[in-house]
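The structure appears below as structure tokens.
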Amino acid sequence: MALPSLHKCLRLSDENEQLVKKLKKLHMRNKDLEKNLGQIQEKLHLQQLMHDCVTSRDVQVQTETHLWHKGGYSKDLNLESDNVRLLQMYNELQKRYVKEIKTNQEQSEAIKNLTDFFEEVEDLKHAVQESVKLNNDAVFVGRGDCLGLPSLLPDSGGFRTDTKPSMVL
């Protein structure tokens, strides 16, 4: 039986170790490349989104007020008709607002007048009640004199003491 030479085994062992080292390096490089590929794909995706979502214009288009692409005139007419319609609606709303303010002012004035009227009526009511009370007191003072009770004199401000009770039947 022939055994391989020792020299040949050592050489194959070294070659195996070198291949294992190369394999590890390739695995690490593969991971780095996959990571870079993921970053590049993400950047590309963001660029595509930016290109799709954001419109880029040159300087002339940015400074012009009208859109001069195909069908721009009809859009301008639509915008003008929309503006006219909105202006009419705004004017109608302003008219309603002014009318509502006038109505509110008239109602406030009516409320103020009614409040003043009720205050005058209340003052008259109190004056009439005071007058009735004074008349009742005057009648009572006169009756008290007849019954022999002391009476109030409106000018003396107190009880009358100079009269003597008298009996009247």
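In terms of UniProt numbering, the numbers along the sequence shown are unbroken and rise by one, the last being 169. Note that CB positions come from ideal geometry on N, CA and C, so glycine has one too. Note that the structure is a prediction, hence the values are computed from the model and not measured.
query                                                                                               : result
Where Ser156 sits in the DSSP three-state scheme                                                    : Legend: pLDDT at Ser156 = 49, less than 50; position of this residue unreliable, value from coordinates given subsequently. Looking at Ser156 - three-state DSSP - the assignment turns out to be coil, as it is neither helix nor strand.
DSSP-derived helix/strand/coil call for Leu169                                                      : Note that Leu169 has pLDDT 49, beneath the 50 cutoff, so the model's placement of it is unreliable and the number below is only indicative. Residue state, collapsed to three classes: coil.
Cβ-based burial, Ser5 [other Cβ within 10 Å; buried from 16]                                        : exposed
Spatial distance of Ser33 from Leu26 (CA atoms)                                                     : Note that residue 33 is Leu in the sequence shown, not Ser. Their backbone Cα atoms lie some 10 Å apart in a straight line.
6 Å CB neighbourhood of Ser156 in its chain, flanking five on each side removed                     : At Ser156 the pLDDT is 49, less than 50, meaning the model places this residue with poor confidence and gives no usable figure here.
Neighbourhood of Leu19 by C-beta, 6 Å cutoff - its chain only, sequence neighbours within 5 removed : none
Ser5 - DSSP class collapsed to helix/strand/coil                                                    : coil
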